[in-house]
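Visitor: A single structure is presented below for examination.
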Amino acid sequence: MRWSTLNNLKEIFKNITMLEIICFIPFMFLFSYLPNSNMICIIVNIVIVIFCCLGASHLFCLINDYKKNKANK
20 MRWSTLNNLK EIFKNITMLE IICFIPFMFL FSYLPNSNMI CIIVNIVIVI
70 FCCLGASHLF CLINDYKKNK ANK
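Sequential numbering of the sequence shown, starting at 20, is according to my numbering.
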């Protein structure tokens, strides 16, 4: 039982992508300082996280494309 659980964890960690890590970090920072737990603050923080994730994933894709183009030259 223990080894199968360990193998399942290894499979989970193998399937985690860089973009998931990039999106997870803003969620942790924004909700760790959440001063009020009312719905408006939560909705605003979710919108901020969505925009942060979109921007970070776009930058990540741009950097990868730049590296690929630089390697091909």
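Yeah, the Cβ is synthetic: ideal placement off N, Cα and C, and Gly gets one too.
Here the structure is a predicted model, which is why all the values come from computation and not from measurement.
1) Less than 8 Å between the CB atoms is what I'm expecting for Ile-97 and Ala-75, so what's the real figure, rounded?
2) Would you report the Cα separation of Met-20 and Phe-48, rounded to the nearest angstrom?
3) Rounded to a whole number of angstroms, what is the C-alpha to C-alpha distance between Met-58 and Val-68?
4) What did DSSP end up calling Ser-51 once you bin it into helix, strand or coil?
Guide: To lay it out plainly:
1) This structure gives no information on residue 97, because the portion of the chain shown stretches from 20 to 92.
2) Because the pLDDT at Met-20 is just 49, under 50, the model does not fix this residue reliably, and the point stays unresolved.
3) 15 Å
4) Of the three classes helix, strand and coil, the one that applies to Ser-51 here is helix, per DSSP.
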